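Converting from the sequence shown to the working numbering requires adding 20 to each position, the first position being numbered 1. We put the CB at the ideal spot given by N, CA and C, even for glycine. Values in this document were obtained by computation on a predicted structure and should not be read as measured data.
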Amino acid sequence: MDMKKIAVVDGVRTPFIKAWTLFDAIPAQKLGAMCVTELLQRTEIDPRLIDEVIIGCVGQPIDAANVARVISLYAGVPKDKKAYTVNRNCASGFESVTSAAEKILTGQDEVVIAGGSTAAFAAALSAAADGARVALIEPTDWVGGQLTSSGVPAVDEAWHKIKREGAEPYNVSAIARTPANITPNFLALLQA
């Protein structure tokens, strides 16, 4: 099998901020479009060369049901280009990257923008602004036998006293290791 090489050319993200501050009035699709626009400017890639935009998103905004498409159009990617949204809960952003790699490796696309966006906390934050408190619920197994409570990772982090300052270096190193791990693992999956 003749395998193509994949290159991650550049990346852009919004800064970490506290809730109800700088980005309070900016919806997920606008923030995503700001990142894609900046990415296109930095790399000087002609938007007409983009084959597809894949965005991972948990809890898509109600006014942007396919948030990848909305981000793509807001960022100036031509409307004849493909765009779709993936949802794999907390791994949605990573899922978009692996989906992009799959598209390139299988020859379906050559240039793909992949990223993550979230609006999952919008409902909880809106409720909290009105005084409601978010309750951690017991996990349920009604979705394909999978535990689905989104509070579980937060409880685990609190239980093990993992603070953001401690988790961030691990997250950064995991992202740095990703390109080295994608090729052997992805090839094994293709050959299985």
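DSSP places GLU130 in the coil class of the three-state scheme, outside both helix and strand.
Bridge partners of CYS55 according to DSSP: none are assigned. Here DSSP, grouped into helix, strand and coil, assigns LYS101 to coil. Put simply, the backbone Cα of THR105 is about 16 Å away from that of CYS55. For the pair ALA134 and ALA103, the Cα-to-Cα distance works out to about 10 Å. Assignment of ARG62 by DSSP, reduced to helix, strand and coil, places it in the helix class. For VAL29, there is no enclosing alpha helix (DSSP H), as DSSP marks it with neither H nor E. Straight-line measurement puts the Cα of THR118 at about 23 Å from the Cα of ARG62.
Beta-carbon to beta-carbon, GLY76 and GLU115 are separated by about 5 Å, close enough to satisfy the 8 Å threshold.
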